[in-house]
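Here is the structure we will look at, set down as structure tokens.
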Amino acid sequence: MEVCKVYWWKHNCKTGQYPSAKVHRSLHIKPVAEKKAPNGNLPFNIEDYYSISADPLDSLTPEVYDGI
28 MEVCKVYWWK
38 HNCKTGQYPS
48 AKVHRSLHIK
58 PVAEKKAPNG
68 NLPFNIEDYY
78 SISADPLDSL
88 TPEVYDGI
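Each residue of the sequence shown is one higher than the one before, starting from 28 at the first, in this note's numbering.
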């Protein structure tokens, strides 16, 4: 297993500004059409497989970490 990206939201209080379900639903992961890598081989990174985005929430911005 490989962790390619980590999205981390840091709330300004212990109970959180938003319910956890709302935060989780703000993250969107969609498969992209099958693509080939630049050299014509199979895809080689996460962006070749999935489109990942997060809806903005007031005063709560995710930190995105690559390749942990």
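Built from N, CA and C at the ideal position, the CB exists for glycine as well.
Would DSSP call residue 32 helix, strand or coil?
Here residue 32 refers to the residue found at position 5 when the sequence shown is read from its first residue. Three-state DSSP puts residue 32 in a strand.
Can the beta-carbon of residue 32 be found less than 8 Å from the beta-carbon of residue 93?
For the purposes of this step, residue 32 is taken as residue 5 along the sequence shown, with counting starting at 1. For the purposes of this step, residue 93 is taken as residue 66 along the sequence shown, with counting starting at 1. Against a cut-off of 8 Å, the Cβ pair of residue 93 and residue 32 comes out as a contact.
Go to residue 80, then tell me how far its beta strand (DSSP E) extends in each direction, as first and last residue.
Reading the sequence shown from its first residue, position 53 is the one you call residue 80. Start and end: 77-81.
Buried or exposed: residue 30, going by 16 or more other Cβ atoms within 10 Å of its Cβ?
As a first step, residue 30 is located in the sequence shown; it is residue number 3 there, counting from the start. By the 10 Å Cβ count, residue 30 comes out exposed.
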